[in-house]
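Residue numbers (our numbering), protein chains in the order written: chain A, 55 to 382; chain B, 55 to 382. Below is one structure; the comments refer to it alone.
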DNA sequence: GGATCGCGGTCACTTCCTGACCGCAATGAA
DNA sequence: TTCATTGCGGTCAGGAAGTGACCGCGATCC
């Protein structure tokens, strides 16, 4: 620990943990003379991390926002929270490639005890309020494994549950992870099938690195996202619905509720047309109900049936409960 | 850049950006001889960051999970995603003190251009599907400012919108940020009122550091969380409800839906009692409806009325839509 | 068996790091 | 205003590193 570079790192971590540090205090903490501390600060500045200094009786050093991002020195708990946060961020479909890279970095360097904690937290993850259990959320462990493997050009072996329920084992060279809609897809070269395939990540079970690396192949397509789109939409797209609903409310209000999951177009000043292609009908129905406005389902008929069903149930609940309340 | 410690940092970053690095390649990248690279790797190991090495023709170095967390070397995009993820994590009420610290660290060292991007992203945040618009989400900028100020013992000035709508300006010495339920509260010493106060963070507008630091005061309470609880519950708690509902489904199913927002107790093998104290009745009703089981509202009566209301509306929607479908 | 790679020892040379001085400038309190 | 505190940077000498060039060894894979 008497090293220079180690001390520089510790200084960086101290400056990240608290804003203002009086010089003598820092020097004492690092067990060097104030002169050496000044030199260390200079070193940090040369590395591109600007350190502000204030002379005077209440002076001290402070790490200022600069041109470059310094390495983040985080402790166990902070790393846990970061990992959990970015995982749920990914699971909701927001967040792109950089989020995946960040997660990969964190997971890679995480001590085993932390990974164990992370797995424990995973199981108690807050359920997405509107997703029914038919929409399986992405398994974070699988996602992390795939991301690591892709980055390191390592083959992966995983079990894949196809739409008809059969389960197969695959050996794949991962090429890219693509978020599309609310889902994540893996594009890769299937070594058994000897062809490029698209896999839905929520159908992948127990992925693990195969231990062998591979040389990168040239894919037969230019745009990966387009490849995924055609593959997903071309095949039996399994449970996807086309929904069109007229809602008696302004487009702003409705759009605010659906966010990016639906396309909202104004019809009149007080009604609008909502169209979307959700995985499940639960979510849209929940959102429609919570808007508090009248609506009419154009398609699919199942949604209308569901609405009637929910309506009947809620009406019963209202009646039961009012009766119960009157009995008090 | 010819420094030893800078090189060590760069080595760390390289090892985080890709798993396997052949030795000669790394040496070339760092512009040192392979011997020096070996010494650098040794240095990292001495610092507690285990580096695996594989001899042989396909060998190389890899950063292994170890006892300590190495500093995370992230690029701009990754830092953005991390910040966004942890902010929405905080906004949903999950995530504790460590999450706040992590956010503070990231925000503090973030270059200005990144902060600007972060602000832009904030405005386009996805709306929480079940929160009605009366439940204002936490303003991330405010939260970050308060967290920074608290950590650095800096006074903050902010506008506070009280429950009756009047707006006042406050100068406060922040003591602690406390998550309670789905809300965040600031406990601090109000310099104008000369007393300890609790502020709801979603009622704070445009907070900024006052530039002056303060010496820590001894608060007149031991348990901050308890202080907040009594203050919040004692005062006009503004829109809080006590909900008790009997659901005709197993406790597991119901508990999985409500997560940590409700206390679920089994009554019989096929029904359970759900109790919670939500800010709004929309969320609970949405969740109750989406379970797909019969339920009875014990309290409050408003929830029963709402259920009846929703039921009527959904029933109308179902009828309208079926009629429309039949006309095709 | 050979090529490739990582490991670690040694040696001489060079670089730097460190602590101890020094005077100077800025800041805030008495 | 004066004074103490704090940061800044220069210089110097001794010591501690870092560095590259060797070397032989062992592991791994083809």
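Heads up, the beta-carbon is just placed ideally off N, CA and C, and yes, glycines get one too. As the structure is a prediction and not an experimental result, all values here were calculated from the model.
Relative to residue 215 of chain A, the option among A:195, A:257, A:204, A:245 whose CA is nearest is A:257. Interface criterion not met: the Cβ of residue 268 of chain A is under 8 Å from no Cβ in chain B. The beta carbons of residue 232 of chain B and residue 245 of chain B sit no closer together than 8 Å. A check of alpha carbon separations from residue 243 of chain A across A:218, A:351, A:270 identifies A:270 as the nearest. According to the DSSP assignment, residue 213 of chain B belongs to the beta strand (DSSP E) that extends over 208-215. Annotated as proximal: residue 282 of chain B and residue 239 of chain B, with beta-carbon spacing under 8 Å. Contact annotation: residue 263 of chain A and residue 203 of chain A have beta-carbon atoms nearer than 8 Å. Look at the segment 88-113 of chain A and you find these whole runs of beta strand (DSSP E), each 3 residues long or longer: 105-108.
The beta carbon of residue 76 of chain B is closer than 6 Å to those of 114 in its chain, skipping five residues each way along the sequence. Taking CB atoms only, residue 206 of chain A has a neighbour in chain B less than 8 Å away. Under a criterion of Cβ atoms nearer than 9 Å, the residues of chain A adjacent to residue 131 of chain B are, in order, 150, 151, 152, 153, 155, 156.
Not a single C-beta of chain A is nearer than 8 Å to the C-beta of residue 115 of chain B. Neighbourhood of residue 164 of chain A in chain B, by CB distance below 9 Å: 119, 123, in chain order. Taking 8 Å as the cut-off, the Cβ atoms of residue 116 of chain A and residue 73 of chain A count as close. Per DSSP, residue 160 of chain A lies in no beta strand (DSSP E); the unbroken alpha helix (DSSP H) holding it starts and ends at 151-163.
Taken in chain order, the members of the segment 64-78 of chain B whose beta-carbon sits within less than 8 Å of a beta-carbon on chain A are 66, 67, 70, 71, 72, 73, 74. Per DSSP, the unbroken beta strand (DSSP E) holding residue 317 of chain A starts and ends at 317-322. Under the three-state reduction of DSSP output, residue 123 of chain B falls in the coil class, being neither helix nor strand.
According to the DSSP assignment, residue 261 of chain B belongs to the beta strand (DSSP E) that extends over 258-267.
DSSP links residue 222 of chain B through a beta bridge to B:214.
Around the beta carbon of residue 350 of chain A, 16 or more other beta carbons sit within 10 angstroms, so the residue counts as buried. According to DSSP, residue pairing for residue 238 of chain B in a beta bridge involves B:233.
The beta carbons of residue 368 of chain A and residue 368 of chain B sit closer together than 8 Å. When DSSP states are grouped into helix, strand and coil, residue 342 of chain B belongs to the helix group. Taking 8 Å as the threshold, the shortest C-beta distance from residue 143 of chain B to chain A falls below it.
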